[in-house]
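>
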Amino acid sequence: MRNLSAAFQVVKALPGRSLLLSLPVAVSIALAMATLAMDRGVDAKAHEAVASWGLDQIVVHGSGRQIAGQITGPSSLTEADLEALRGQLRAFKHVLPTRRNNKASLSFAGKSGVYKLYAVTPPWAQARHFGAERGQFLDDNDLDSGATVCLLGQTTVRELFGTHDPLGREILVNNVPFKVKGVLVARGSSPAEGDRDARIIVPLSTFSSRLDKRLTLDQIVIQVVDVAPDNVERIAKQVSDILRQQHKLGDRPNDFDVRVPTSVTAEARGISRSVLLLLLGLAGVTALVAV
614 MRNLSAAFQV
624 VKALPGRSLL
634 LSLPVAVSIA
644 LAMATLAMDR
654 GVDAKAHEAV
664 ASWGLDQIVV
674 HGSGRQIAGQ
684 ITGPSSLTEA
694 DLEALRGQLR
704 AFKHVLPTRR
714 NNKASLSFAG
724 KSGVYKLYAV
734 TPPWAQARHF
744 GAERGQFLDD
754 NDLDSGATVC
764 LLGQTTVREL
774 FGTHDPLGRE
784 ILVNNVPFKV
794 KGVLVARGSS
804 PAEGDRDARI
814 IVPLSTFSSR
824 LDKRLTLDQI
834 VIQVVDVAPD
844 NVERIAKQVS
854 DILRQQHKLG
864 DRPNDFDVRV
874 PTSVTAEARG
884 ISRSVLLLLL
894 GLAGVTALVA
904 V
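Numbering of the sequence shown is given in the working numbering, commencing with residue 614 and proceeding in unit increments.
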């Protein structure tokens, strides 16, 4: 009681100094509480990210690293790799090719922007859970005829069209006219791909004939039947073994990257944990200042 009385007397005599001394303690406590609150949300966010990405997905990228949806370096994947996977894998729904342009120039009525372009086949919508919310997705006729049609992500629609309906309108994609056939469902952002709604989808055949004649593939998407993590990891190992044999790598490291749901979970947790560590560090510093 005597010590408490003395403390009150100090606060009363020096209120400004007492306030300044108490601020670091208050900030340290607030940061610690914020850290604990964020920590509880890390696992939820990680599960949300992997559910959005797809529990039944194995995605193979060619050589180069992927950061926020950007692939660096030329791809090592070929049509021969695609056929090898289709011929040797078992228990899959789809093994699908994808070509990409991460900086496709789109313009409409004086507005323009740069967006991620994906060239795909009709089953891609079902395999990637990324179909049309309005209009129609690509069909076999589009693929067979090399039709200049496209689907736009919702960020792309908002930035180019505002409140206007894009269906049936003509846009320029790298100065090639394309008719908007549909608007994709909203998918939000992911650690691997950034804004998944800032994109455009075109037929794979049209991409090859009108936009980019290169022969390599940028992605191979495998949709598995059994989504149990052990099964997905087992098939991913088979994919790696098949591609290593295809590329005759011997003792050299992989020139491709096989991504599974658990890797997406780890990425999401890693990003969140880095923020938590920063907050904990700040809390520690303010606590030392208080001392």
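We put the CB at the ideal spot given by N, CA and C, even for glycine. From a predicted model like this one, the values you see are computed outputs, not experimental measurements.
Please determine, among L730, S720, V789 and L824, the residue with the shortest C-alpha to C-alpha distance to R809.
Closest by alpha carbon: L730.
> For I811, which residues in the same chain have their Cβ closer than 7 Å to its Cβ, ignoring the five residues on either side in sequence?
The question names Ile, yet the displayed sequence has Ala at residue 811. Closer than 7 Å at the Cβ level, and outside the excluded window around A811, lie Y728, K729, G766, T768 and T769.
> Find out if the Cβ-Cβ distance for the pair F743, V789 is shorter than 9 Å.
Contact: no.
> Between the C-alpha atoms of K794 and D864, what's the straight-line distance to the nearest angstrom?
Cα to Cα, K794 sits roughly 47 Å from D864.
> What residue from V840, L719, Q832 and A849 has the CA that sits closest to F774's CA?
Taking only the C-alpha atoms, the option nearest F774 is L719.
> So I833 and L668 are in contact, right, with Cβ under 8 Å, and what is the actual spacing, rounded?
At roughly 18 Å, the Cβ-Cβ gap does not stay under 8 Å, so I833 and L668 are not in contact.
> Just to confirm my understanding: we take P735, look at its own chain, exclude 5 residues before and 5 after, and list those with CB closer than 7 Å. What are they?
Taken in chain order, the residues that qualify are F750, L751, D752, D753 and L756.
> How many angstroms separate the CA atom of R703 from the CA atom of P842?
Approximately 16 Å, taken between the alpha carbons.
> Can you list the beta strand (DSSP E) stretches of 3 or more residues lying completely in the segment 728-781, in chain order?
Entirely contained in the segment 728-781, the beta strand (DSSP E) runs reaching 3 residues are, in chain order, 745-748 and 762-765.
> When burial is assigned at 16 or more other CB atoms within 10 Å of the CB, is N867 buried or exposed?
By the neighbour-count rule (16 or more Cβ atoms within 10 Å), N867 is not buried but exposed.
> Using the Cβ count rule (16 or more neighbours within 10 Å means buried), how would you classify H777?
By the 10 Å Cβ count, H777 comes out exposed.
> Taking only the alpha-carbon atoms, compute the straight-line gap between Q858 and E746 and give it to the nearest angstrom.
Cα to Cα, Q858 sits roughly 40 Å from E746.
> Taking all protein chains shown into account, do 16 or more other C-beta atoms lie within 10 angstroms of the C-beta of R800, making it buried, or fewer, making it exposed?
Counting Cβ neighbours within 10 Å, R800 comes out buried, since at least 16 surround it.
> Just how far apart, CA to CA, sit K706 and R827?
One C-alpha to the other measures close to 27 Å.
> State yes or no: is the C-beta of S821 within less than 9 Å of the C-beta of A732?
In this structure, A732 lies closer than 9 Å to S821 by Cβ.
> Please classify V673: is it buried, with 16 or more other beta-carbons within 10 angstroms of its beta-carbon, or exposed?
That one is buried.
> Beta-carbon separation of L862 and I814 under 9 Å?
Not closer than 9 Å, so no.
> Please report the residue range of the alpha helix (DSSP H) in which G795 lies.
It is not in any alpha helix (DSSP H) - G795 instead sits in the beta strand (DSSP E) that spans V789 to L797.
> Going by DSSP in three states, A841 sits in which element: helix, strand or coil?
Three-state DSSP puts A841 in coil, outside helix and strand.
> Take K724 and list the residues in its own chain whose beta-carbon comes closer than 6 Å to its own, dropping the five residues that flank it on each side.
Cβ neighbours of K724 beyond the five flanking positions: L773.
> Within 9 Å (strictly less), CB to CB, does A740 reach chain D?
No chain D is present in this structure, which holds just one protein chain.
> Are the CB atoms of D831 and R712 within a distance shorter than 9 Å?
Cβ distance < 9 Å, so R712 and D831 count as in contact.
> Please classify T711: does DSSP put it in a helix, a strand, or coil?
T711 falls in the strand class under three-state DSSP.
> Can you tell which of K850, G700 and V871 has the C-alpha that lies nearest to the C-alpha of S689?
When each option's Cα is compared against that of S689, the closest is V871.
> Which value, in whole angstroms, describes the spacing of the CA atoms of L780 and G748?
Going by the C-alpha atoms only, they are around 7 Å apart.
> In terms of alpha-carbon separation, which member of R771, T819 and L824 lies closest to V796?
When only C-alpha atoms are compared, the closest one is R771.
> DSSP three-state label for L856, please.
Of the three classes helix, strand and coil, the one that applies to L856 here is helix, per DSSP.
> Ordered along the chain, which non-local residues of its own chain (more than five positions away) have a Cβ less than 6 Å from that of A681?
Per-residue confidence for A681 stands at a pLDDT of 49, beneath the threshold of 50, marking its modelled position as unreliable; no derived number is given.
> Of all the options V837, E846 and F791, which has the alpha carbon lying nearest to the alpha carbon of T819?
Here the closest residue by C-alpha is F791.
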